[in-house]
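See below for the structure under consideration.
Residue numbers (the numbering used here), protein chains in the order written: chain A, 1193 to 1325; chain B, 282 to 414.
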């Protein structure tokens, strides 16, 4: 049983946004990675969420999967680069800095929104305790 | 007419027979106490079913102590849970900071609930002690 109303769903939301932020951090860190273990340039990671019913009956959110964005990044002519192909073309990752920054902002705002729900529900619980006074 | 002589009048005496009056009062008291007793018993039964303190209430004859004791144990379990979450963050086992914070919030709220309950019980006790007999 939750002492604090709605905290289960809020906790799952916080968790989901944290995973999203981790994926964004990974994308930004690999913004110039032209070679990966699977060969080819780095592909940006996309997190998808599904709704989940937890034990307490709250509709929370769960990370469904972290998948690679299959779209092509730009290729540019750079024959001196060790990862360039025989024609001298270098495949760059499909990570776009502005996209990631916007995503990061959205993840951070969503995290804050969940935090303020947690704060509000806690103050609700504390107000409820004042009934006896 | 002398009021004193009427006080010793055997007729008056028989009219206000003291033992008879006492018995009547006693019976009246019993009949009034019966529903109260019943409601008290049903209240205790309700307490037993909700708190699961069960038959120990009757055995020890101290429902307050028992229910408070059980409550203290639950609150202690909550705070232990919070402590566990915190230490798992510090040791690097888990990276859910919000889960640790939520656990400690829950522990805090349940502790204040316990304090409120204690205040209420104490208030009831003091109210009973002030009762004029």
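Ideal placement from N, C-alpha and C gives every residue a C-beta, glycine not left out. Note that the structure is predicted; figures quoted are calculated from it, not measured.
Residues of the same chain with a CB within less than 6 Å of the CB of residue 1220/A, apart from the 5 flanking positions on each side, are 1292 in chain order.
A distance below 6 Å between beta-carbons, with the five flanking residues on each side excluded, links residue 1266/A to the following residues of its chain, in chain order: 1284. In the DSSP secondary-structure assignment, residue 1252/A is bridged to 1244/A. Rounded to the nearest whole angstrom, the C-alpha separation of residue 1250/A and residue 1259/A is 27 Å.
Residue 372/B: not part of any beta strand (DSSP E); DSSP gives it neither H nor E. Counting along the chain, no beta strand (DSSP E) covers residue 1315/A; the unbroken alpha helix (DSSP H) around it starts and ends at 1289-1321. Cβ atoms of residue 1206/A and residue 1269/A stay farther apart than 8 Å, at about 45 Å. Between residue 1287/A and residue 1234/A, the C-beta spacing is below 8 Å.
For a Cβ distance threshold of 9 Å, residue set 397, 398, 400, 401, 404 of chain B lies close to residue 1324/A, ordered along the chain. Neighbourhood of residue 1318/A in chain B, by CB distance below 8 Å: 390, 393, in chain order. DSSP places residue 402/B within a helical segment (H, G or I) once states are collapsed to three. Residue contact check for residue 387/B against chain A: a CB pair falls below 8 Å. Counting the other Cβ atoms within 10 Å of the Cβ of residue 396/B gives fewer than 16, which makes it exposed. Below 8 Å, enough C-beta pairs join the region 360-375 of chain B and the region 384-392 of chain B to call them touching: three or more.
By the CB criterion at 8 Å, residue 1204/A and residue 1244/A fall inside the cutoff. For the set 1196/A, 1201/A, 1195/A, the Cα lying nearest the Cα of residue 1305/A is the one of 1201/A.
Going by C-alpha positions, residue 413/B is about 24 Å away from residue 399/B. Bounds of the alpha helix (DSSP H) holding residue 1220/A are 1199-1221. Taking residue 1247/A as the centre and dropping the five residues before and after it, the same chain places no C-beta closer than 7 Å to its C-beta. A distance of 8 Å or more separates the beta carbons of residue 356/B and residue 1196/A. Apart from sequence neighbours up to five positions away, the residues of its chain that approach residue 1271/A with a beta-carbon distance below 6 Å are 1280, ordered along the chain. Apart from the 5 residues on each side of it in sequence, residue 1282/A sits with its Cβ closer than 8 Å to the Cβ of 1226, 1267, 1268, 1269, 1270, 1273, 1275, 1276 in its chain, given in chain order.
Taken through DSSP and simplified to helix, strand or coil, residue 391/B comes out as helix. Nearest to residue 344/B by C-alpha distance, out of 411/B, 363/B, 402/B, is 402/B.
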